[in-house]
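Visitor: Before I ask anything, let me first share the structure, which is written out below as C-alpha cells.
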RNA sequence: GGGCCCGUAGCGCAGCCUGGAUAGCGCGGCAUCCUCCUAAGAUGUAGGCCGUGGGUUCAAAUCCCACCGGGCCCGCCA
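Numbering (our numbering), first residue to last: 28 to 628.
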C-alpha cells in the first residue's frame, strides 16, 4: 500500500519534472519528524543536473504536483518536498493489512534455500556462542521463508571428529553413568578427557585409535559412536526446542562419507578446478591453486585432499556444499529423528526413506567469521567448476562470537560451564517469574515466564548485528525492560487485551480523521513488507527486531495517549481496526524474530 | 607480509550498503505521571570534535586513502 502510494507520488513528480519515474521513486524516503510522511529529494537530483539551487527547484516544482487522493498535503521545506498522506490512505492501508492477515508482507515464490546452522560438535551442551549462531540461523530461516523462499534448515553433525572419539574414549573408560541432561554430562566428561590427553600419551594414542576405527567404519565402534552422538544430539535439541529453534534435517558426516564422498572427490578430481601436486611440500595432495585471486596469501595453495587420500575439512565441506546445490547424484536415506514442538518432524540421515532435501537455489551458511577464508575457497572452487550462478548465491553469513568479559567460551577447557544455553534460559525464566505481579496461578506464571524468558534472550541475541562481537553480561542479555524482548511482548499483550474486551473489530470508517499517533502507527505498519524484503535479501534479521521495537514504541505512545474502548463515535471503530492490525503485524514481526507471543503478561 | 571485522553519550547498541533537514534508542542519573484498555509502561531533562588525519562532494557518522586501538584469519586441525 505504501509502495503504491510512493509509486503514485513518483508518477506525479515524473510528470511535472525531467525525472524518470524510477528516479523519482528512489528520491522518496520516510520524512523525518514533523515534516509530513514521505519526503522527496528530487530537487537535489534536478539541481545537480540543471546547476540550480535545490531549494528554488523544490519551490517551483511542488505547486505543480497533482499526486493522488492518498496525498492530502504537499509542502516545501528548503530543498525537500514533503507529502502528507490523507486519512483516506490510512483507512485503505488498515483495510489491506487486516485483509492480508498472516500473509501480510509475504514475498513472491523464490525457489529453495538451504540454511545451515549451528553445527555444534555432538559431545557437549550448547553454550551462549552456539546459541547466537542458532538464533541467527533460525531467524534467517524464518525471514527467508516469509520472503517467499522454500527454506530447509539443515544441521551438520560432525560425528567423525576427534572430539567424538575423545568422548567415546571417556564413555568407555571413565564410566558411563550419565546423570542430569546428557549433553551436559558428556561435555564435562569431554573436558576431563581433553585434560588427560594433554598429559597422558596413552590416552591420546587410544583416542586416536578410536578415531581411526570410527573413520574406517569399524562396525562395533561406529555403532557405539553413532549411538553416543545421537543421544547427545537429542539432548542438545531439547535446548533447540526450548528456544523455538527448528530444523528440517540433520546430516551426519558419517553418512556424507558413505553416500556422496567418493562421487564428490571424483567430480573434483576430474575437473580442472583442482590438481594433483607431483612434487614439493604438497606432493601427493589435490590442491586448489589460489594464486590468481588470493595473491598475498602466505601459501596460495589450499589442500583439499591429503596425500593419504582423505579430505581436509574444507574438502569435505566443499563436497557437502556441492550436494546442497544439487551437483551430486548421491541421495541420503532419512529417518524420522525428533518430533518438534512446531509439529514438524526433524529428519536425520542414516535411515531408509528418500526425501527431497537438497538441490537448493541458494545456500546460506551461518558460520563464525573465522571461517571467511575457507568459505571463500569453496566459492572460488564453485566458480572454477563453472557454477557461477551458484557461487553468487553461496552465502557465508559470518558472525562474531560471544565472549565472556574475561575470557572466551571454550568447549575443551570447559569455560562454558555456567553459560550453557540451558542455564541462560533457566536464569532468564527465573528472573521473569520474579517480576510477575498480577494474580496468576502457578501454572500461568510458569507459562508467562517461559515466553518472557525465552523472548528476552532471543531478542537480545538477535538485535546486535552479526559482525559485532557480543560480550556476554547477564544484566544485558536478560534485560526485561526498555529495548528488550519483553517490551515487545508487553505491547503485544496490551493490544490483545483490548481486542479481547472489545469483541469484533470492524474496519475503520472511511470518513474518520486519523490523529498524529494513529497515523504514525499505520505508516510504520505499512513499512513491514519492505522490511521483510530487505531483511531477507541482506540476511539481517536484526532489521526486523529493530522494526518490532520501533513499532511497539509507537504503539505504546499511542496507547498512553488515546483510549480505545471508551473512545467516542468513529474513533472507537478506527482504533480497534488499528489495534487489530498492530496485533497482527507485530505478531508476524515477532514470529520472524522468533520472539514468542505470550498469551498474557 | 597480506586479508576481513569492530571503534557512535559513563555503559550496551541502531544508523553506514543506497551521502542530505535538529545523529536515534536502551541502561544508568535527575524530575514528573498509576480511581482510567495491567507502570515489564508514558513524559521531560542532562549527557556526543560519530577513533584520528587527509580527500571526494553544494553536502560526509555514511564514499575513498592513510594511520591508531581491539578482535579474527592466511594448517596434509576441525
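Where is the CB? At the ideal position from N, CA and C, for every residue including glycine. Remember, predicted model here, so these are calculated numbers, not experimental data.
By the three-class DSSP mapping on this structure, what secondary structure does residue 569 have?
Guide: Stepping through the first chain from its first residue, residue 569 is reached at position 542. Here residue 569 sits in helix by DSSP.
Visitor: Figure out for me which residue from 599, 553, 133, 217 has the closest Cα to the Cα of residue 578.
Guide: Here the question's residue 578 lines up with position 551 in the first chain. Comparing Cα positions, the closest option is 553.
Visitor: Is the distance from the Cβ of residue 178 to the Cβ of residue 197 below 8 Å?
Guide: Taking the first chain and counting its residues from 1, one reaches residue 178 at position 151. Taking the first chain and counting its residues from 1, one reaches residue 197 at position 170. Not a contact, by the Cβ cut-off of 8 Å.
Visitor: With a CB to CB cut of under 6 Å and the five nearest residues on each side skipped, what residues in its chain are close to residue 165?
Guide: In the first chain, counting from the first residue as 1, residue 165 sits at position 138. Around residue 165: 272, 621.
Visitor: CB-CB under 6 Å to residue 230, same chain, minus the five flanking residues each way: which ones, in chain order?
Guide: In the first chain, counting from the first residue as 1, residue 230 sits at position 203. These residues qualify, in order along the chain: 223, 224.
Visitor: Going by beta carbon distance, what residues of the same chain come within less than 7 Å of residue 286, once the five residues before and after it are set aside?
Guide: For the purposes of this step, residue 286 is identified with residue 259 of the first chain, where counting begins at 1. Answer for residue 286: 357, 359, listed in chain order.
Visitor: Grouping DSSP H, G and I as helix and E and B as strand, with all else coil, what is residue 106?
Guide: Position 79 of the first chain holds residue 106. Coil.
Visitor: Taking buried to mean at least 16 other C-beta atoms within 10 Å of its own C-beta, is residue 30 buried or exposed?
Guide: As a working note, residue 30 is residue 3 in the first chain. Exposed: under 16 other Cβ atoms inside 10 Å.
Visitor: Given 8 Å as the limit, is there contact between the stretch 124-131 and the stretch 68-81, that is, 3 or more CB pairs closer than that?
Guide: Cβ pair count under 8 Å is below three, so no.
Visitor: Does DSSP classify residue 164 as helix, strand or coil?
Guide: For this step, residue 164 is matched to residue 137 along the first chain. Three-state result, residue 164: helix.
Visitor: Closest to residue 523 by CA distance: which of 598, 559, 614 is it?
Guide: Sequence index remark: in the first chain, residue 523 carries index 496 (1-based). Of 598, 559, 614, the residue nearest in Cα terms is 614.
Visitor: In three-state DSSP terms, what is residue 239?
Guide: Taking the first chain and counting its residues from 1, the one referred to as residue 239 is at position 212. In this structure, residue 239 counts as helix in the three-state DSSP scheme.
Visitor: So the candidates are 422, 439, 506, 415; which of them puts its Cα closest to the Cα of residue 454?
Guide: Within the first chain, residue 454 is the residue found at index 427, counting from 1. The shortest Cα separation from residue 454 among 422, 439, 506, 415 belongs to 506.
Visitor: If you draw a straight line from the alpha carbon of residue 184 to that of residue 438, how long is it in whole angstroms?
Guide: Within the first chain, the letter at position 157 stands for residue 184. Within the first chain, the letter at position 411 stands for residue 438. About 16 Å.
Visitor: Which two residues bound the contiguous alpha helix (DSSP H) that contains residue 226?
Guide: Position 199 of the first chain, counting from 1, holds the residue named residue 226. 209-226 is the span of the alpha helix (DSSP H), which, as asked, contains residue 226.
Visitor: Which same chain residues end up closer than 6 Å to residue 305 when comparing Cβ atoms and leaving out the 5 residues on each side of it in sequence?
Guide: As a working note, residue 305 is residue 278 in the first chain. The answer is none, since no qualifying residue turns up.
Visitor: Thinking residue 495 and residue 427 are a contact (beta carbons under 8 Å), I'd like their distance in whole angstroms, please.
Guide: Position 468 of the first chain holds residue 495. Position 400 of the first chain holds residue 427. Their Cβ separation, rounded to whole angstroms, is 6 Å, which keeps residue 495 and residue 427 in contact under 8 Å.
Visitor: Distance check for residue 379 and residue 409, CA to CA, integer angstroms please.
Guide: In the first chain, residue 409 corresponds to position 382, counting from 1. In the first chain, residue 379 corresponds to position 352, counting from 1. One C-alpha to the other measures close to 30 Å.
Visitor: Do residue 405 and residue 345 come within 8 Å of each other at the CB atom, strictly closer than that value?
Guide: The residue given as residue 345 occupies position 318 in the first chain. The residue given as residue 405 occupies position 378 in the first chain. Taking 8 Å as the Cβ cut-off, residue 345 and residue 405 qualify as a contacting pair.
Visitor: How would you write the range of the alpha helix (DSSP H) that residue 196 sits in, first residue to last?
Guide: Within the first chain, residue 196 is the residue found at index 169, counting from 1. Its alpha helix (DSSP H) spans residues 189-200.
Visitor: Kindly indicate which three-state DSSP category residue 154 falls into: helix, strand or coil?
Guide: Working through the first chain from its first residue, we reach residue 154 at position 127. Strand, per DSSP.
Visitor: Only counting runs of 4 or more residues, tell me where the alpha helix (DSSP H) segments fall wholly within the stretch 479-539, in order along the chain.
Guide: Runs of the alpha helix (DSSP H) inside the stretch 479-539: 501-504, 512-529.
Visitor: Measuring alpha carbon to alpha carbon, tell me which of 503, 461, 418, 467 ends up nearest residue 432.
Guide: Walking along the first chain from the start, residue 432 turns up at place 405. Cα-wise, what sits closest to residue 432 is 503.
Visitor: Does the beta-carbon distance from residue 156 to residue 436 come in below 8 Å?
Guide: Numbered from its first residue, the first chain carries residue 156 at position 129. Numbered from its first residue, the first chain carries residue 436 at position 409. In this structure, residue 436 lies closer than 8 Å to residue 156 by Cβ.
Visitor: Please name the residue in 617, 596, 602 whose C-alpha comes closest to that of residue 589.
Guide: The count along the first chain starts at 1 and reaches residue 589 at position 562. The option with the nearest alpha carbon to residue 589 is 602.
Visitor: For residue 340, count neighbouring C-beta atoms within 10 Å of its own C-beta (all shown protein chains included) and say buried if the count is 16 or more, exposed if not.
Guide: Reading the first chain from its first residue, position 313 is the one you call residue 340. By the 10 Å Cβ count, residue 340 comes out exposed.
Visitor: Count the other CB atoms within 10 Å of the CB of residue 303; is the residue buried (16 or more) or exposed (fewer)?
Guide: Residue numbering aside, residue 303 sits at position 276 when the first chain is read from its first letter. Exposed, by the Cβ-count rule.
Visitor: In the DSSP assignment, what are the bridge partners of residue 4?
Guide: The displayed coordinates of the chain run from 28 to 628. Any statement about residue 4 would go beyond what the structure contains.
Visitor: When DSSP labels each residue in this structure, what does residue 95 get in the three-state scheme?
Guide: Translated into positions along the first chain, residue 95 becomes position 68. Reduced to three states, the DSSP call for residue 95 is coil.
Visitor: Residue 435 by DSSP, collapsed to three states: which one?
Guide: Numbered from 1 along the first chain, position 408 holds the residue referred to as residue 435. Reduced to three states, the DSSP call for residue 435 is strand.
Visitor: On the three-state DSSP scale, how would you describe residue 277?
Guide: Along the first chain, one-based indexing puts residue 277 at 250. Three-state result, residue 277: strand.
Visitor: Just how far apart, CA to CA, sit residue 413 and residue 270?
Guide: On the first chain, residue 413 is found 386 positions in, with the first residue counted as 1. On the first chain, residue 270 is found 243 positions in, with the first residue counted as 1. Rounded to whole angstroms, residue 413 to residue 270 spans 40 Å at the Cα level.
Visitor: Would you kindly check if the distance between the Cβ of residue 476 and the Cβ of residue 513 is under 8 Å?
Guide: For the purposes of this step, residue 513 is taken as the residue at position 486 of the first chain. For the purposes of this step, residue 476 is taken as the residue at position 449 of the first chain. Cβ distance not < 8 Å, so residue 513 and residue 476 don't count as in contact.
Visitor: Quick test of the definition: if touching needs 3 or more C-beta pairs under 8 Å, does the stretch 92-103 touch the stretch 34-44?
Guide: Output reads yes: the stretch 34-44 touches the stretch 92-103.
Visitor: Is the CB-CB distance between residue 424 and residue 159 below 8 Å?
Guide: Residue 424 sits at position 397 when you count from the first residue of the first chain. Residue 159 sits at position 132 when you count from the first residue of the first chain. Not a contact, by the Cβ cut-off of 8 Å.
Visitor: So if DSSP puts residue 55 in a beta bridge, which residue, or which two residues, is it bridged to?
Guide: The residue labelled residue 55 in the question sits at position 28 within the first chain. DSSP, once it has assigned bridges, lists 67 as partnering residue 55.
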